[in-house]
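Asks: Numbering that gives the first Met the number 0 numbers the first residue of the sequence shown as 0 and each following residue consecutively.
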Amino acid sequence: MISRISIYVIAASALSALILPVTVSANQSDCVSSYNAKTDYFPDKVQNKYNSGFDVTYKNNAKYIRNNISGETYVVYQCGTPMPEDANPTPANSLQVGNWTKVMAVPGTKVVLDSAPASAVVELLGMQDSVAATYKYFDITSACMQKRIASLPRIEQNFGTPDSRRRRRRSAGSSTSGSLVRRVSYDLSKDGLQWTFTTYGMSDPHSIAVNPESAKDMLGKAEWIKYIAAFYNKEAEANKIFDQIEASYNSAKGSATKGSKTVGIARYNKVANGTVTGWSIDQLQPWLVQGIEDAGMKAYSGDSKSFKNVDDFYTAVKNWDVLIDNSIEPLTHGGAKIPEWDNLVDGYKFDSDKSYKSLPFLSSKAIYRSDLISSYGNATDYNEHLQIQVDVLLKDLIKISKASSGAKDTTWYRNMVTQEPVQWVSANDCKN
Numbered sequence: 000m001i002s003r004i005s006i007y008v009i010a011a012s013a014l015s016a017l018i019l020p021v022t023v024s025a026n027q028s029d030c031v032s033s034y035n036a037k038t039d040y041f042p043d044k045v046q047n048k049y050n051s052g053f054d055v056t057y058k059n060n061a062k063y064i065r066n067n068i069s070g071e072t073y074v075v076y077q078c079g080t081p082m083p084e085d086a087n088p089t090p091a092n093s094l095q096v097g098n099w100t101k102v103m104a105v106p107g108t109k110v111v112l113d114s115a116p117a118s119a120v121v122e123l124l125g126m127q128d129s130v131a132a133t134y135k136y137f138d139i140t141s142a143c144m145q146k147r148i149a150s151l152p153r154i155e156q157n158f159g160t161p162d163s164r165r166r167r168r169r170s171a172g173s174s175t176s177g178s179l180v181r182r183v184s185y186d187l188s189k190d191g192l193q194w195t196f197t198t199y200g201m202s203d204p205h206s207i208a209v210n211p212e213s214a215k216d217m218l219g220k221a222e223w224i225k226y227i228a229a230f231y232n233k234e235a236e237a238n239k240i241f242d243q244i245e246a247s248y249n250s251a252k253g254s255a256t257k258g259s260k261t262v263g264i265a266r267y268n269k270v271a272n273g274t275v276t277g278w279s280i281d282q283l284q285p286w287l288v289q290g291i292e293d294a295g296m297k298a299y300s301g302d303s304k305s306f307k308n309v310d311d312f313y314t315a316v317k318n319w320d321v322l323i324d325n326s327i328e329p330l331t332h333g334g335a336k337i338p339e340w341d342n343l344v345d346g347y348k349f350d351s352d353k354s355y356k357s358l359p360f361l362s363s364k365a366i367y368r369s370d371l372i373s374s375y376g377n378a379t380d381y382n383e384h385l386q387i388q389v390d391v392l393l394k395d396l397i398k399i400s401k402a403s404s405g406a407k408d409t410t411w412y413r414n415m416v417t418q419e420p421v422q423w424v425s426a427n428d429c430k431n
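(1) What residues match up with glycine 263 in a beta bridge as DSSP calls it?
(2) Given a cut-off of 8 angstroms, decide if alanine 335 and isoleucine 327 are closer than it, judged by their beta-carbon atoms.
(3) On a CA-only basis, which of Asn60, Ala251, Val110 is nearest valine 389? Give me that one, please.
(4) Quick check: what's the CA-CA separation for serine 170 versus glycine 97?
(5) Apart from the five residues just before and just after valine 275, which ones in its own chain have a Cβ nearer than 6 angstroms to its Cβ?
(6) Taking aspartate 43 as the reference, give the member of Lys233, Leu392, Leu192, Ala91 with the closest Cα.
(7) Quick test of the definition: if touching needs 3 or more C-beta pairs under 8 angstroms, does the segment 129-148 touch the segment 365-379?
(8) Using C-beta distances below 8 angstroms, list every residue in its chain close to glutamine 95, excluding the 5 sequence neighbours before and after it, in chain order.
(9) Should leucine 151 go down as buried or exposed, given a rule of 16 or more other Cβ atoms within 10 Å for buried?
(10) Let me know if glutamate 383 comes out buried or exposed under the rule of 16 or more other beta-carbons within 10 Å of its beta-carbon.
(11) Could you spell out where the alpha helix (DSSP H) holding serine 354 opens and where it closes?
(12) Output the boundary residues of the alpha helix (DSSP H) element that contains phenylalanine 312.
(13) Give the straight-line distance between the Cα atoms of valine 105 and alanine 117, rounded to the nearest whole angstrom.
(14) Among Thr108, Gly258, Lys353, whose alpha-carbon lies nearest the alpha-carbon of tryptophan 194?
(15) Can you look up aspartate 370 in the DSSP assignment and give me helix, strand or coil?
(16) Taking the alpha-carbon of proline 448 as reference, which of Ile399, Pro338, Thr198, Thr38 has the nearest alpha-carbon?
(17) Quick check on the burial criterion: 16 or more other C-beta atoms within 10 angstroms. Buried or exposed for arginine 147?
(18) Which residue marks the beginning of the alpha helix (DSSP H) containing aspartate 390, and which one marks its end?
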């Protein structure tokens with residue numbers, strides 16, 4: 000006969016078994032079929048080492064991803080497990096401007112692209128098949144991603160309902176109404192789309208801002224691989240890729256030779272009828288300053304400036320050894336094209352002997368643009384892979400630093416003085 004004590008022991012043992020954690024050896028690639036509250040569903044984790052602009056913290060079945068640049072928090076939880084009790088998402092119909100909390104299940108399987116850096120990372124992670132749609136006007140340089148998205152739906156943006164606009168007008172006189180920002184969201188009503196990778200923080204519960212261009216340092220930009228990987232449960236893969244980029248970057252940095260060249264960014268300002276209205280010097284972003292210095296050069300350290308007289312512009316840039324051009328060439332009927340050398344000659348008034356004698360970057364053939372790899376839709380790889388693969392960017396800068404008469408064999412920087420042609424990329428160029 001089984002004693003009452005034995006029954007209690009058996010029951011306690013069974014109950015204990017129910018609450019013991021189940022060991023998970025790797026992050027899940029799909030939904031889990033059973034849930035255990037004590038299980039760590041994300042044994043593979045990411046941790047930032049640089050000034051990237053985001054943070055990721057983990058609990059057993061959830062990740063708390065904070066984008067410090069867009070001011071958004073994403074609470075993502077393992078598909079097949081319950082939403083965290085402390086998730087507290089911002090209501091989808093909220094009129095709140097900024098600082099949204101967005102909640103979604105991972106991993107991503109049907110996502111929308113409206114971010115070129117996100118597209119590059121999705122490729123690096125081997126998750127191209129997760130892309131199920133793109134924004135209507137989205138364009139990229141990657142040949143194989145162009146090929147993939149060519150047959151996918153193009154979604155629209157919604158700009159608020161009449162009801163939400165009326166409510167915003169009614170609250171405009173309130174002292175707590177804040178700035179009146181038109182509500183924008185992506186239309187994800189088709190085919191179970193999960194979220195959109197985009198560029199800006201939006202009043203949209205299903206958009207994720209991706210901002211490597213705002214990181215403070217070069218390797219901080221590369222860490223955005225980890226950010227996007229967290230939405231796919233691909234932390235292990237992201238860590239491997241980042242470690243490779245970091246090692247390559249540091250190796251290249253070690254090969255640089257300290258020199259005296261000064262690098263600056265400028266543009267001519269032209270309107271659609273072809274009239275040049277002035278010239279501008281751009282302030283360099285911190286990550287690019289670091290990259291230039293790691294390549295052995297000096298970065299222009301002044302503020303942004305504008306000039307109405309070309310001689311004043313020449314005086315301001317007379318000590319530059321390298322000019323990176325950021326001009327655009329406007330078209331008569333709207334839009335713009337990528338400038339060529341004759342456009343720069345006209346825009347900067349380089350056709351005078353005075354300009355050749357007074358500007359070192361012109362006489363040494365050191366004027367570059369970052370559009371060497373471009374699509375026929377005028378997307379440039381500068382906004383795509385260059386934002387992540389900073390080791391390759393540093394190698395370009397080192398070539399520019401060491402060149403005595405214009406750098407050659409760069410990946411992203413096009414030498415304008417030697418009239419290096421754009422490498423136009425289309426879906427037909429996809430080889431794999």
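Every residue, glycine too, gets a C-beta built ideally from N, C-alpha and C. Just so it is clear, the structure is predicted and the values come from calculations on it, not from any experiment.
Replies: Quick look at the numbers:
(1) Taking the sequence shown and counting its residues from 1, the one referred to as residue 263 is at position 264. Glycine 263 is bridged to Leu322.
(2) Residue numbering aside, residue 327 sits at position 328 when the sequence shown is read from its first letter. Residue numbering aside, residue 335 sits at position 336 when the sequence shown is read from its first letter. One thing to note: isoleucine 327 has its Cβ within 8 angstroms of the Cβ of alanine 335.
(3) For the purposes of this step, residue 389 is taken as the residue at position 390 of the sequence shown. Taking only the C-alpha atoms, the option nearest valine 389 is Ala251.
(4) Residue mapping note: residue 170 aligns to position 171 of the sequence shown, counting from 1. Residue mapping note: residue 97 aligns to position 98 of the sequence shown, counting from 1. Reliability fails at serine 170, whose pLDDT of 35 lies under 50, so the model's placement of it is uncertain and the value that follows must be treated cautiously. Cα to Cα, the separation comes out at about 17 angstroms.
(5) Position 276 of the sequence shown, counting from 1, holds the residue named residue 275. Tyr267, Lys269, Gly346.
(6) Within the sequence shown, the letter at position 44 stands for residue 43. Here the closest residue by C-alpha is Lys233.
(7) yes
(8) As a position in the sequence shown, residue 95 is number 96, starting the count at 1. In its chain, beyond the 5 residues on either side, Thr89, Ser202 have a beta carbon closer than 8 angstroms to the beta carbon of glutamine 95.
(9) Start at 1 with the first residue of the sequence shown, and residue 151 comes out as number 152. Result: exposed.
(10) To locate residue 383, count along the sequence shown from 1; it is residue 384. Burial call: buried.
(11) Within the sequence shown, the letter at position 355 stands for residue 354. 352-357 is the extent of the alpha helix (DSSP H) around serine 354.
(12) Locating residue 312 in the sequence shown gives position 313, counting from the first residue. 309-316 is the span of the alpha helix (DSSP H), which, as asked, contains phenylalanine 312.
(13) Translated into positions along the sequence shown, residue 105 becomes position 106. Translated into positions along the sequence shown, residue 117 becomes position 118. Rounded to the nearest angstrom, the two C-alpha atoms are 16 angstroms apart.
(14) For the purposes of this step, residue 194 is identified with residue 195 of the sequence shown, where counting begins at 1. For the residues Thr108, Gly258, Lys353, the minimum Cα distance to tryptophan 194 belongs to Thr108.
(15) Residue 370 sits at position 371 when you count from the first residue of the sequence shown. Coil.
(16) No information on residue 448 is available, as it lies outside the stretch 0 to 431 that the chain covers here.
(17) By one-based count along the sequence shown, residue 147 stands at place 148. Classified as buried, arginine 147 has 16 or more neighbouring CB atoms from the shown chains inside 10 Å of its CB.
(18) For the purposes of this step, residue 390 is taken as residue 391 along the sequence shown, with counting starting at 1. Unbroken alpha helix (DSSP H) run through aspartate 390: 389-401.
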